[in-house]
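>
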Amino acid sequence: MIELGVNIDHVATLREARKGKVPDVITAAKVCEIAGAHQITVHLRQDRRHIQDKDVERLKEVLLIRMNLEMAGVPEIIEIAHRIVPYTVCLVPENRQEITTEGGLNVVEQKESLRRVVGGMHERGIKVSMFVDPDIEQIHASAEIGADSVELHTGAYANAEREQVDKELNRLYEAGKVAVQLGLALHAGHGLTVRNLEPVTKIPGLKEVNIGHDIISRSIFIGLDSAVKEILAVLEKVSSL
Ligand code: PXP
31 MIELGVNIDH
41 VATLREARKG
51 KVPDVITAAK
61 VCEIAGAHQI
71 TVHLRQDRRH
81 IQDKDVERLK
91 EVLLIRMNLE
101 MAGVPEIIEI
111 AHRIVPYTVC
121 LVPENRQEIT
131 TEGGLNVVEQ
141 KESLRRVVGG
151 MHERGIKVSM
161 FVDPDIEQIH
171 ASAEIGADSV
181 ELHTGAYANA
191 EREQVDKELN
201 RLYEAGKVAV
211 QLGLALHAGH
221 GLTVRNLEPV
231 TKIPGLKEVN
241 IGHDIISRSI
251 FIGLDSAVKE
261 ILAVLEKVSS
271 L
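Residue numbers (my numbering): 31 to 271.
1) Give every residue of the same chain whose Cβ lies closer than 7 angstroms to the Cβ of I108, excluding the five residues on either side of it in the sequence, and list them in chain order.
2) Have a look at the DSSP bridge pairing and note the partners of K197.
3) For a quick check, are the C-beta atoms of C120 and E181 less than 7 angstroms apart?
4) Output needed for P123: all residues of its chain with C-beta closer than 6 angstroms, excluding positions within five of it in sequence on either side, in chain order.
5) State yes or no: is the C-beta of V208 within less than 7 angstroms of the C-beta of E167?
6) Out of Y187, V158, G185, point me to the one whose CA is closest to A173's CA.
7) Under 8 angstroms by Cβ, that's how I've got H217 and E238 pegged, so tell me the actual separation to the nearest angstrom.
8) Excluding five sequence neighbours on each side, which residues of the same chain lie with their C-beta closer than 6 angstroms to the C-beta of R96?
9) When burial is assigned at 16 or more other CB atoms within 10 Å of the CB, is P164 buried or exposed?
10) At a cut-off of 6 angstroms, would you count V122 as near the ligand PXP, judging by its Cβ distance to the nearest heavy atom?
11) Buried or exposed for T57, please, with buried defined as at least 16 other CB atoms from any protein chain shown within 10 angstroms of its CB.
12) Would the beta-carbon of S179 fall within 7 angstroms of that of A215?
As C-alpha cells, then:
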C-alpha cells in the first residue's frame with residue numbers, strides 16, 4: 031500500500047496564532063497515528079512560523095510511527111536534525127517570504143553541499159529525501175549524491191487548469207519512472223487533496239504521499255480522524271486493484 035505521511039504544520043499554525051498551547055500538535059499526531067497514518071511530517075522552518083523545536087523533540091519521544099522532518103539544508107537546522115534523529119529528513123528549498131514551499135530543491139546547482147548534508151545524515155542513520163520538481167535532471171542529481179528517495183512536487187499538478195492536468199500528470203509519471211529506475215524510493219506531495227489524489231496514486235512505484243493542508247482543513251468540519259481515514263481509503267483502493 032502507498033503510505034501516508036500527515037503533515038501537521040497547520041495545527042501548529044493555529045496554535046501560533048495565539049502563541050498558546052492549543053491545538054496541541056502532539057495530540058494531533060497521535061490522532062493521525064491511531065487513524066492509521068504511517069508517518070508524521072513536520073517542517074521546522076528557520077522562521078519557526080509554525081512548528082517549534084520542542085514539537086520536534088516531543089514528537090520524537092512519543093510517536094510510534096515514523097517522523098519525517100522537512101528542512102532547509104542550513105547549519106542550524108542540520109544540527110537539530112543530527113541531535114533529534116528523525117527517521118527521515120526531506121530537504122526542501124526555503125524562502126522566508128513564501129507562504130508555503132514554492133518549488134522543488136535545485137539539487138543540480140547545489141550538488142556538492144547537498145552531498146555533504148546527505149553524508150552527515152547517513153552517518154547518523156537518517157534517511158534523506160529530496161523534494162524536487164518532476165524534472166529528470168534533478169532526479170539524476172539526487173541519485174548521484176546518494177539520496178534514498180525523492181519526493182516529487184505535485185504542486186503544479188494540483189494547481190493545473192483542466193487542459194494542463196494531464197500534462198502535469200505525465201511529467202510526474204515520467205519523472206517517477208526515472209526515479210524508480212535509479213533505485214530511489216518514490217514519494218509525492220504538496221497540494222494533494224482527497225479529490226485530486228487518485229491519479230497520483232497510479233504513478234508506478236509510488237511508495238508514499240505527504241499531505242497536510244487538505245487534511246487539516248477538512249478536519250475542522252469532519253474531524254481529524256475522518257480526514258485521515260478518507261485519504262487512507264483512496265490509497266487502499268489503489269492497493270486492492
Ligand atoms: N511535502 C513537502 C516537501 C512540503 O513542503 C509540504 C508542505 O509543507 C507538503 C508535502 C504538504 O503540502 P500540503 O500542505 O499542500 O499538503
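Think of the CB as a built atom: it goes at the ideal place given N, C-alpha and C, for glycine as much as any other residue.
On the basis of the coordinates in this document:
1) V147, G150
2) Bridge partners of K197: none, in fact.
3) Contact: yes.
4) L135
5) no
6) V158
7) 4 angstroms
8) These residues qualify, in order along the chain: Q69, Y117.
9) Counting of Cβ neighbours within 10 angstroms places P164 among the buried residues, the total reaching 16 or more.
10) yes
11) exposed
12) yes
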